[in-house]
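**Q**
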Amino acid sequence: MKLLEKFQNSRNALGWAFMLPATVLLLLFLTYPLGLGTWLGFTDAKIGRDGEWIGVENFSFLVTDSVTQLALFNTLFYTFVASVLKFGLGLWLALLLNKNLPFQSFFRAVVLLPWIVPTALSAIAFWWLYDAQFSVISWALMKMGLIDRYIDFLGDPWNARFSTIVANVWRGIPFVAISLLAGLQTISPSYYEASAIDGATPWQQFRHITLPLLTPIIAVVMTFSVLFTFTDFQLIYVLTRGGPLNATHLMATLAFQRAISGGALGEGAAIATLMVPFLLAAIMFSYFGLQRRAWQQGGDK
Amino acid sequence: MTEFNRRKFLEGSAGIAAAASFGAGAAVWAPAVHAQTLSLKPEKGAKLRVLRWSRFVQGDIDAYMVNVKKFTEKTGIEVRVDNEGWEDVRPKAAVAANTGAGPDIILSTNDDANLYPDKLLDVTDVCEYLGKKYGGWYPACQTYLRPDGKKWIGVPLGAAGAMMVYRQSHLKAAGFDVFPKDTDGFLKMLQALKAKGTPGGFALGNATGDGLWTNWLIWSHGGQLVDTRNKVVIDSPETIKALEYAKAMYATFAPGTLSWLDPNNNKAFLDSQVSVTNNGISIYYASKTSQDPKVTALKEDIQHASYPIGPVGVPTESHLFFNQMVMKHTKFPNAAKEFLRFMMEQEQFDPWLTGCGGYISQPLVAYEKTAIWTVDPKHTPYRDALKNLRPAGYAGKLGYASAGAGADFIVTNMVAEAASGAKSPKEAAERAQKRAERYYKV
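Below, the structure written as C-alpha cells:
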C-alpha cells in the first residue's frame, strides 16, 4: 500500500503513467508502421515474401524510372495548383460566409457537403461528369452549340490533369473555407471599427487586419490541405487509375499499383518513402508560418 | 495403363462413385469421357475453407454453392466459401501462402500459383485423373500450372474470355457480312465503320481486364515481351509493326478511349456509341436481362467473334485465367483434393459452366460439349477462350516478373503511347523495354 501511495503522490511517476497509453498508441500505430514502411523501401520484399536488404537500389532505380519521374511531376503539379485554388476560393468563400447573410447557419452547413460525402462516391459522380461518351457537361455545351464534339476530359493528358484537379478542389474547398471562417470569427470586430474610423478601405482592412490575424490559421489549414492533396489516392483511383498514359498517376497511386497489384512491396514502399521529404517540407513551411505570427505579435520567440 | 494398375488396388468409394455417375451421365458425354479411378480418402473431421473471387454473374455463385452443398451432403465435410473482388484475392493469397495460415483452397487468377509454387500442394494425381477422364487440359493450363512439365501446382478452373463484340447491322452497312478473320480485314472493317459514323472502340486506359487486347495485338504481329529464357525482347521490329497497326486502329476509334477503364466500353456499346469492342459476354448478358428497352433492343443485333489472326498465323488471345490452389498448410490435403476433383466432375462442372452463362470457358477439352456453348450460337466464340489463350508473360516463365510487368500496364501503356501518337512506335517500344527489364532483371 505504501508503494501505491508513494506512486500516487509522485508527480513524475504519475506523469509518466498518464502518458504511457498515448505513447504506446503512438509507437504501435504510427512509429512502427512508418518505420516498417521505410525499412521495406530498402528491401526487395514481395507481397507475402520477406525481402532481403538491398540498400538504396530501389531508390536509385526509381530516380531513373520515367514513370516515377512523371508521377512526381504530376503530384507536385496537382498539389500546387489544387492547393492554390483551394486557398483562394476557400478564403473567398470564408469571407462571404463571415458577412451577415440571411439563413447564415444553413449556408455554413451546406458548404460542408462536398467534404462530408465519401470521396469514392463523389469521385464516381465526377467520373460520370467526365465520361468520354456520357458527360453531361459536354452534352449541355453541345446543346448550347458551344462545342461541336464531346470534350475528352480524361483521355487527354493535360485535360485529365486539370479535370482531376477540379474534382479535388471541389472536394477540398469546404475544409479550407470552414476552418478559415472559424479563424475569421476570432478576430475582434473592434479592429474593424477602429480602422473604419481611421478611414481604411475594405481592401486595407483585409490587407492589414484580416490577413495578418488569420495567418496562423492559414498556416495550419494549408499544411493539412497540402498533406491531403499530396497523398490523394481515391479520386485518382476511381477516375483514371493513373491514366491516360500515366498522366495522372500520383506517388500514392503508383506506390499502390507497384506494391499491391504488382506485388513489388519493397519498390512500392520506396515510392511512398520518397513522398516523406516533400511532406516534411510542407510541415516546415507551416512551422515557419507560425513563427512569423509570433514575431508579428511582438512575442518573445 | 500402368497408372491404372498401380492405383487399381487403392480403388475406393470416390472412384466407384465417379464411374457410377459416368454410367448415369447423358449420352452426349459418352464418347468424350474416359472412365478413370482416383481414390482420395478425406481426413476424419475435415473442414475446408475456400477463398474465391466474387462472381461476375449471379448464376456462377448460385451453381457453385449448389455443388458445394452436394459435396457436404455426400462427404460430411463442411465447406466455408468466402468471396472477394478478384483483384483483392491476389494479395490475400500471397499472404496466406507465405504466412502458412488462412484458407485451405484459393481460387485465384493468372500467374498467382507461379509466385509461390513451393507453398502449394502437389495436385498431380487430381489433374492427371481429370485430364485423362475429360480429354486433356488445354496447353495454357499446363503453362500456368505445370511449369516444369511434370508436377501440377494447381487445378485449372477456366478463363473469363473476352471476345470481339459487334453490331451485325453496322457491319453490314459498312460492307462486311462476316467478321474479318485476319488483322488486315479487321483494320479495313474498322476504317469502314468509322467512315459510316459507327466507329469501334477499345480501352486504352489502365484497364486491368479490357486492356488485355493490347497483348493480342502485339502477339498477333509476332512481338512478345520476353523470349523463352525471360530475356526482354519487346523492342523488336515485330512490335514496331504492331504499334504502327495500333496507330491505324486508333485513328478509327470513338473519342476518349485513352481514358477508358473496364466499364467504359460496356456503357458505350450499350448506348450504341461504338459498334465493335472487346469484352466478356457481359454486354450480351446485359442486353438479355436489362429493364431498359433501348438495351434489350440490341439483343438480336449483338454478335460475337474470335479475335482476328495476325501475321503469325495462329490465335494469340489474352484472357483472364482462373486457377484453384490447395495451400500446403492445409490440415486436410486429401479432403481439399477430393473437393476439387468433385467440383471438376461433369455432374458438377457442367451445371456450373451453364450457370456462368458463357462467362467462363472450360479448361478440359471434353467440356467443349457443354450445352451452354450451343444453346445460343452467340455463346460459341467464348467456348475457345482458354483453348486459344496465351499467358500474359508469353513466351517466358511465369512468376513475380510476369505478374509485376502485367500489373504495371507496360504493354498497355506502350500501345496507348504509340497509338495516340504521344510517342513514336520506336520510342514507346524502347520505353517498354526499359520498364520490363526492371521486372525481369536477374
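Order-wise, the sequence lines are chains A and B. To convert, count from 1 in the first sequence and add 753; that's my numbering. To convert, count from 1 in the second sequence and add 27; that's my numbering. Here a beta-carbon is modelled for each residue, glycine too, at the ideal position from N, C-alpha and C.
1. So which residues of chain B does residue 887 of chain A contact, with C-beta pairs closer than 9 angstroms?
2. Which word fits residue 468 of chain B, buried or exposed, when buried means at least 16 other C-beta atoms lie within 10 angstroms of its C-beta?
3. In chain order, what residues of the same chain have a beta carbon less than 8 angstroms from the beta carbon of residue 829 of chain A, not counting five sequence neighbours either side?
4. Where does residue 51 of chain B sit, in a helix, a strand or coil, going by DSSP?
5. Nearest CA to the CA of residue 994 of chain A: which residue from B:276, B:233 and B:243?
6. What residue range does the beta strand (DSSP E) around residue 185 of chain B cover?
7. So, under 8 angstroms CB-CB, residue 238 of chain B and residue 439 of chain B are touching, yes? Tell me the CB distance rounded to an integer number of Å.
8. Could you pull the start and end residues of the alpha helix (DSSP H) that residue 471 of chain B belongs to?
9. What's the call for residue 466 of chain B, buried or exposed, on a 16-neighbour Cβ count within 10 Å?
10. With H, G and I counted as helix, E and B as strand and the rest as coil, what does DSSP make of residue 449 of chain B?
11. Going by C-alpha to C-alpha distance, which of A:817, A:944, A:1038 and A:913 sits closest to residue 988 of chain A?
12. On the three-state DSSP scale, how would you describe residue 135 of chain B?
13. Need the endpoints of the beta strand (DSSP E) that residue 329 of chain B sits in, please.
14. Can you tell me which residues form a DSSP beta bridge with residue 336 of chain B?
15. Assuming residue 285 of chain B and residue 132 of chain B make a contact with CB atoms under 8 angstroms, what is their CB distance in whole Å?
16. By Cβ distance below 6 angstroms, which residues in the same chain neighbour residue 1052 of chain A in space, the five residues on each side in sequence not counted?
17. Could you check the C-alpha separation between residue 357 of chain B and residue 147 of chain B for me, to the nearest Å?
18. Taking just the CA atoms, how far does residue 791 of chain A sit from residue 1005 of chain A?
19. Does any CB atom of chain A fall closer than 8 angstroms to the CB of residue 285 of chain B?
20. Per the DSSP calculation, residue 191 of chain B is bridged to which residue(s)?
21. Going by alpha carbons, who is nearest to residue 67 of chain B out of B:95, B:369, B:208 and B:391?
22. So, does the CB of residue 262 of chain B fall closer than 8 angstroms to a CB anywhere in chain A?
23. What do you get for residue 807 of chain A, buried or exposed, if any count of 16 or more other CB atoms within 10 angstroms of its CB means buried?
24. Strictly under 8 angstroms for the Cβ-Cβ distance: is residue 995 of chain A near chain B by that measure?
25. Determine the closest residue to residue 270 of chain B out of B:444, B:74 and B:79, with distance taken between C-alpha atoms.
26. Give me, in chain order, the residues of the same chain whose beta-carbon lies closer than 8 angstroms to that of residue 456 of chain B; leave out the 5 immediate sequence neighbours on both sides.
27. Looking only at C-alpha atoms, which of A:952, A:853 and A:810 sits nearest to residue 1020 of chain A?
28. Identify whether residue 107 of chain B lies in helix, strand or coil by the three-state DSSP scheme.
29. Counting only beta-carbon atoms, is residue 435 of chain B nearer than 8 angstroms to chain A?
30. Mind checking which residues open and close the alpha helix (DSSP H) that includes residue 116 of chain B?
31. How do the stretch 314-332 of chain B and the stretch 184-200 of chain B stand: do at least 3 beta-carbon pairs fall below 8 angstroms, yes or no?
32. Run through chain A and tell me which residues come within less than 7 angstroms of residue 118 of chain B, C-beta to C-beta.
33. With 8 angstroms as the threshold, decide whether the Cβ of residue 894 of chain A is near any Cβ in chain B.
34. May I have a chain-ordered list of the alpha helix (DSSP H) segments no shorter than 4 residues that lie completely inside the stretch 354-406 of chain B?
35. Return no unless some Cβ of chain B is closer than 8 angstroms to the Cβ of residue 924 of chain A.
36. Looking at residue 393 of chain B and residue 186 of chain B, is the spacing between their C-beta atoms short of 8 angstroms?
**A** According to the structure shown:
1. 294, 295, 298 and 300
2. exposed
3. Counting only Cβ-Cβ distances below 8 angstroms, and skipping sequence neighbours, we find 1031.
4. Confidence is the limiting factor: at residue 51 of chain B the pLDDT is only 43, short of 50, which leaves the residue's position unreliable and the question unanswerable from this model.
5. B:233
6. Taken as a continuous stretch (DSSP letters only), the beta strand (DSSP E) holding residue 185 of chain B covers 182-187.
7. The Cβ separation is near 4 angstroms, so the contact holds.
8. This structure gives no information on residue 471 of chain B, because the portion of chain B shown stretches from 28 to 469.
9. Under this definition residue 466 of chain B is a buried residue.
10. Residue state, collapsed to three classes: coil.
11. A:913
12. strand
13. Counting along the chain, the unbroken beta strand (DSSP E) around residue 329 of chain B starts and ends at 329-332.
14. B:209
15. That pair is no contact at about 40 angstroms.
16. Because the pLDDT at residue 1052 of chain A is just 49, under 50, the model does not fix this residue reliably, and the value given afterwards should be weighed accordingly. Result list for residue 1052 of chain A: empty, nothing under 6 angstroms.
17. 10 angstroms
18. 15 angstroms
19. yes
20. B:305 and B:332
21. B:369
22. no
23. exposed
24. yes
25. B:444
26. 261, 262, 263, 266, 267, 270, 441 and 445
27. A:810
28. strand
29. yes
30. 113-126
31. Using a C-beta cut-off of 8 angstroms, the stretch 314-332 of chain B makes contact with the stretch 184-200 of chain B, since at least three inter-stretch Cβ pairs fall below that distance.
32. 800 and 1013
33. False, the Cβ-Cβ gap to chain B never drops below 8 angstroms.
34. 360-371, 373-382 and 399-402
35. no
36. no
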